[in-house]
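*Asks:* Count along the sequence shown from 1, then add 1182; that gives the number in the working numbering.
Glycine included, every Cβ here is placed at the ideal spot set by N, Cα and C.
Given the structure is predicted, the values throughout are model-derived calculations rather than measurements.
Following this message is one structure expressed as structure tokens.
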Amino acid sequence: MRIGNGSFEDIVSRRMREWQLRQSSPAAREPAPSGPIPVITLSRELGSGGNEVAQLLQEQLDWHLWDRQLVEEIARSAQVRTSVVESLDERRRSEILDILHELLGDRLGPVGYRRHLAQIILTVALHGSAIIVGRGANWLLPNALNVRIVAPLAQRVARVAAREAISEEEARRRCLESDRERAESVRALFGRSIDDLMGYDLVINTSCVAPAGAAAIIIAAVKEHFRG
1183 MRIGNGSFED IVSRRMREWQ LRQSSPAARE PAPSGPIPVI TLSRELGSGG
1233 NEVAQLLQEQ LDWHLWDRQL VEEIARSAQV RTSVVESLDE RRRSEILDIL
1283 HELLGDRLGP VGYRRHLAQI ILTVALHGSA IIVGRGANWL LPNALNVRIV
1333 APLAQRVARV AAREAISEEE ARRRCLESDR ERAESVRALF GRSIDDLMGY
1383 DLVINTSCVA PAGAAAIIIA AVKEHFRG
């Protein structure tokens, strides 16, 4: 499968090489700074401009962007998934298992796609400097900067209709279907409501803030959240 400028295997391979270079650098041998690992999770409603915000964050922070499609493809590929998980040392891999058990218990089951998905999200997060879009990552990563991007339904419908060149009726159907599917996924995996405000550090309504403004707000919050 191809994503952007290459297959998802190519993208993951490049990022793993960057991880390895970073781990072998002189800076990596210095004591790690205290505080949470720099990670942003980005939950968004369809048509809210969340994808544009994520792209701006990637460009301005120079962090890796892990969108829903890429994370799901890794979780489905046993070979790529194993390589990604094994990019961490044994202590960190054990830490992932502990986190999965503590946060989710038996909800995921011992094997299967959901467990693989959660495992990949945690692996990516432990490497740091990551923007993780969707998949309820905020419920797995309470110490990340967890952001939700929303907008009124009418505005979302207009955006989707214009972007996809479809009728507003069809755009409305897609928005509502997306809302339902995303809410059901979070409820099934984490037993939480996607609209629970306690799951987010920031909720930004793009009816009054453009994507560039939303990105600026998030970057200011990054500096505060991960300072020191």
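Are there three or more Cβ pairs, one per stretch, closer than 8 Å when the region 1322-1333 is compared with the region 1385-1403?
*Replies:* yes
*Asks:* Would you mind reading off the limits of the beta strand (DSSP E) that contains N1325?
*Replies:* Note, N1325: premise wrong, no beta strand (DSSP E); not H, not E.
*Asks:* Tell me whether L1384, by its Cβ, gets closer than 7 Å to a heavy atom of the ligand ADP.
*Replies:* The ligand ADP is absent from the structure shown, which contains no ligand whatsoever.
*Asks:* Output the boundary residues of the beta strand (DSSP E) element that contains A1343.
*Replies:* Counting along the chain, A1343 falls outside any beta strand (DSSP E), though it belongs to the alpha helix (DSSP H) covering 1335-1346.
*Asks:* Are the region 1302-1314 and the region 1216-1231 touching by the rule of at least three beta carbon pairs closer than 8 Å?
*Replies:* yes
*Asks:* Is the beta carbon of C1357 less than 8 Å from the beta carbon of V1342?
*Replies:* yes
*Asks:* Short of 8 Å in beta carbon distance, which residues of its chain neighbour I1401, apart from the five on each side in sequence? Order them along the chain.
*Replies:* L1239, Q1242, L1243
*Asks:* What does the Cβ neighbour count give for L1379, buried or exposed, with the cut at 16 atoms within 10 Å?
*Replies:* The residue is exposed, with fewer than 16 neighbouring Cβ atoms inside 10 Å.
*Asks:* Could you tell me how far apart the beta carbons of A1353 and E1346 are, in whole angstroms, since I believe they sit closer than 8 Å?
*Replies:* A Cβ-Cβ distance of about 7 Å is found for the pair A1353 and E1346, placing them in contact under the 8 Å criterion.
*Asks:* Could you give the first and the last residue of the continuous alpha helix (DSSP H) run that contains S1389?
*Replies:* Taken as a continuous stretch (DSSP letters only), S1389 belongs to no alpha helix (DSSP H), as it is neither H nor E.
*Asks:* Reducing DSSP to helix, strand and coil, say where W1245 ends up.
*Replies:* coil
*Asks:* Helix, strand or coil: how does DSSP classify L1228 here?
*Replies:* coil
*Asks:* Which residues in the same chain as V1404 place their Cβ atom closer than 8 Å to its Cβ, once the five residues preceding and following it in sequence are excluded?
*Replies:* Only P1220, I1222, L1243, L1327 meet the Cβ criterion.
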